[in-house]
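Protein sequences appear in the order of chains X, F and Y.
Quick note on our numbering: the first sequence kicks off at 754 and runs consecutively.
Quick note on our numbering: the second sequence kicks off at 754 and runs consecutively.
Quick note on our numbering: the third sequence kicks off at 754 and runs consecutively.
Note sheet for the following structure.
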Amino acid sequence: MFDFLMAYKKYDPASKSLLEIAILYPGPKAIFLHRLAHSLYKYHLFFLARFVSELNRWLTGIEIHPGAKVGKRLVIDHGMGIVIGETAEIGDDCILFHGVTLGGMNFDPVKRHPTLGDRVLVGTGAKILGPVKIGSDAKIGANAVVTKDVPSQATAVGIPAKCVH
Amino acid sequence: MFDFLMAYKKYDPASKSLLEIAILYPGPKAIFLHRLAHSLYKYHLFFLARFVSELNRWLTGIEIHPGAKVGKRLVIDHGMGIVIGETAEIGDDCILFHGVTLGGMNFDPVKRHPTLGDRVLVGTGAKILGPVKIGSDAKIGANAVVTKDVPSQATAVGIPAKCVH
Amino acid sequence: MFDFLMAYKKYDPASKSLLEIAILYPGPKAIFLHRLAHSLYKYHLFFLARFVSELNRWLTGIEIHPGAKVGKRLVIDHGMGIVIGETAEIGDDCILFHGVTLGGMNFDPVKRHPTLGDRVLVGTGAKILGPVKIGSDAKIGANAVVTKDVPSQATAVGIPAKCVH
Chain X
754 MFDFLMAYKK YDPASKSLLE IAILYPGPKA IFLHRLAHSL YKYHLFFLAR FVSELNRWLT
814 GIEIHPGAKV GKRLVIDHGM GIVIGETAEI GDDCILFHGV TLGGMNFDPV KRHPTLGDRV
874 LVGTGAKILG PVKIGSDAKI GANAVVTKDV PSQATAVGIP AKCVH
Chain F
754 MFDFLMAYKK YDPASKSLLE IAILYPGPKA IFLHRLAHSL YKYHLFFLAR FVSELNRWLT
814 GIEIHPGAKV GKRLVIDHGM GIVIGETAEI GDDCILFHGV TLGGMNFDPV KRHPTLGDRV
874 LVGTGAKILG PVKIGSDAKI GANAVVTKDV PSQATAVGIP AKCVH
Chain Y
754 MFDFLMAYKK YDPASKSLLE IAILYPGPKA IFLHRLAHSL YKYHLFFLAR FVSELNRWLT
814 GIEIHPGAKV GKRLVIDHGM GIVIGETAEI GDDCILFHGV TLGGMNFDPV KRHPTLGDRV
874 LVGTGAKILG PVKIGSDAKI GANAVVTKDV PSQATAVGIP AKCVH
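Rendered as structure tokens:
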């Protein structure tokens, strides 16, 4: 838990204290409630899991489907308008900004949402759609629309997103 | 009502039950409250209509002006950040994702917002601005910015949006 | 105060009364609460300032860091999903639509967010990132991503944003 809050502190030196982050920031609240919803989901308590997820959305503006797999020390900055789908997978030490979507294009009960590696940064308003893979250390630019795989360490921007140097 | 909830169920096979959709999903709540606001608006109870619309926005993150005309079986998925203007018109069986705007560019008391045909799908973050017409069965891509008419069955993507095949 | 509400009325002739704007619109509420948060911030009451700012975000969907400097008669239309950073500066008579971000790219304790001149209009979903300057009377298009200065009276659109005529 301390580890998790330190990730925010390290990422955002503008924050004044760990207390401020733990109590006032929407990101840590959203992840805490998602951990609860995900546990309920694993026990097939789908209605209750969804209830926690919708409460989370109403409190924080961040919508994470109870089924989504979220790695360690995820930093969600600002967060309003984020949507993360049921079969999305997020690695460790990723950063997601507000308005990001990890969404689906077609219905597939097994896998229809993106997979993010470790230390991926997704800029505000970016939409990653379909069962694509975003390699570790990749960066996705603001308002980009990604529907194809992005290799490790690459930076993808624009509509449709293209890798830049 | 049953018809309406079935549209969600049909669209989103991931949903676990009709009860979940009716009670927990923000989309059906937003449309139900809009129907109420629109009735008040038609009786020229503008303040009360706007109050219901703002309550709707606070509860669901979806802002629909009381004057907007919404067709049958509209599916709003996720919905956070949607803005639908006063003179917007939406046909039957459309699907709108979160972050979509049906907005205005210039003030015209009669018609300044878009008109959508039937079975139109508008992707997340897309902005359709001005009194443009989107033909039936058209698709608008994620984060697209549309300021011109889009013909029936076309798919428009990018900024400014262009039709693709 | 009256001056401020009249700016909304003048901008949005569709509004039915000043009472409707003052009580029901999220924009004026967000600016009023920001004025309070900014005062607390100036007295170094950072926790309390942030508390007011987060309450503001929960009530209105508009996130303004307590440190941000906001000019006179700012009109925030719809507003859901707006994020304004700590060192952002906004001139007089500007208009911001929903989904706009005045954000940062790198950490700099002194200045890492944009500076807007007077009468700047920022379209829905546009992201202005870094310590860039947007000249007076400039317009930023919907969903544009701006990371360089924009001269006075120019209109910038697209990803990355380019000036058009």
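Positions of the beta carbon are idealized from the N, C-alpha and C atoms, including for glycine.
Contact under 8 Å by Cβ, residue i with residue j
i	j	result
Met833(F)	Gly814(X)	yes
Lys769(Y)	Phe804(F)	no
Val917(Y)	Lys901(Y)	no
Val873(Y)	Gly894(Y)	no
His831(F)	Glu816(X)	yes
Ile881(F)	Leu849(F)	no
Thr868(F)	Lys892(F)	no
Val853(F)	Ala879(F)	yes
Ala802(X)	Leu793(X)	yes
Gly857(Y)	Gly870(Y)	no
Leu758(Y)	Ala775(Y)	yes
Ile829(Y)	Ile912(X)	no
His851(Y)	Val875(F)	no
Leu771(F)	Lys762(F)	yes
Any non-hydrogen atom of the ligand ATP within 7 Å of residue i CB
i	result
Gly911(Y)	In terms of ligand content, the structure shown is empty, and the ligand ATP therefore cannot be addressed.
CB contact check: residue i to chain X, cutoff 8 Å
i	result
Val836(Y)	yes
Leu759(F)	Checking the displayed sequence, the identity of residue 759(F) turns out to be Met instead of Leu. For Met759(F), the answer is no, since every Cβ of chain X falls outside 8 Å of its Cβ.
Phe800(Y)	yes
Leu882(Y)	yes
Gly852(Y)	yes
Glu839(Y)	yes
Ala767(F)	yes
Glu807(F)	no
Leu777(F)	yes
Residue range of the unbroken beta strand (DSSP E) whose run includes residue i
i	result
Val828(X)	828-830
Val917(Y)	915-917
Ile881(X)	880-882
Cβ-based burial, residue i [other Cβ within 10 Å; buried from 16]
i	result
Tyr796(X)	exposed
Asn896(Y)	buried
Pro862(X)	exposed
Pro766(Y)	exposed
Gly788(F)	The question names Gly, but residue 788(F) is Arg in the sequence shown. Exposed, since its Cβ has fewer than 16 Cβ neighbours within 10 Å.
Asp846(X)	buried
Asn859(Y)	exposed
Leu827(Y)	buried
Leu777(F)	buried
is_contact[residue i, chain B] using C-beta, thresh 8 Å
i	result
Ile912(F)	Structure shown: chain B not included; protein chains present are X, F and Y.
Residue span of the alpha helix (DSSP H) that contains residue i, given as start and end
i	result
Ile848(Y)	Looking at the DSSP string, Ile848(Y) is not in any alpha helix (DSSP H); the run it does join, the beta strand (DSSP E), is 848-850.
Thr813(X)	799-813
Gly856(X)	Taken as a continuous stretch (DSSP letters only), Gly856(X) belongs to no alpha helix (DSSP H), being part of the beta strand (DSSP E) at 854-856.
Ala984(X)	Since the first residue of chain X shown is 754 and the last is 918, residue 984(X) is not available in this structure.
Ala909(Y)	Careful: Ala909(Y) lies outside any alpha helix (DSSP H), inside the beta strand (DSSP E) at 908-910.
Phe785(F)	779-795
Lys769(X)	No alpha helix (DSSP H) contains Lys769(X), which DSSP labels as neither H nor E.
Met759(X)	755-764
Chain Y contact for residue i (CB, 8 Å cutoff)
i	result
Arg803(F)	yes
Thr868(F)	no
Asn896(F)	yes
Gly780(X)	no
Phe755(F)	no
Thr877(F)	no
Glu816(F)	yes
Glu842(F)	no
Gly745(F)	No answer is possible for residue 745(F): the residues shown for chain F start at 754 and end at 918.
Gly832(F)	no
C-beta neighbour in chain F for residue i, strict 8 Å
i	result
Phe860(X)	yes
Thr813(X)	no
Leu874(Y)	no
Gly888(X)	no
Leu771(Y)	no
Count Cβ pairs between the segment 813-827 of chain X and the segment 837-853 of chain Y that sit closer than 8 Å; are there 3 or more? no
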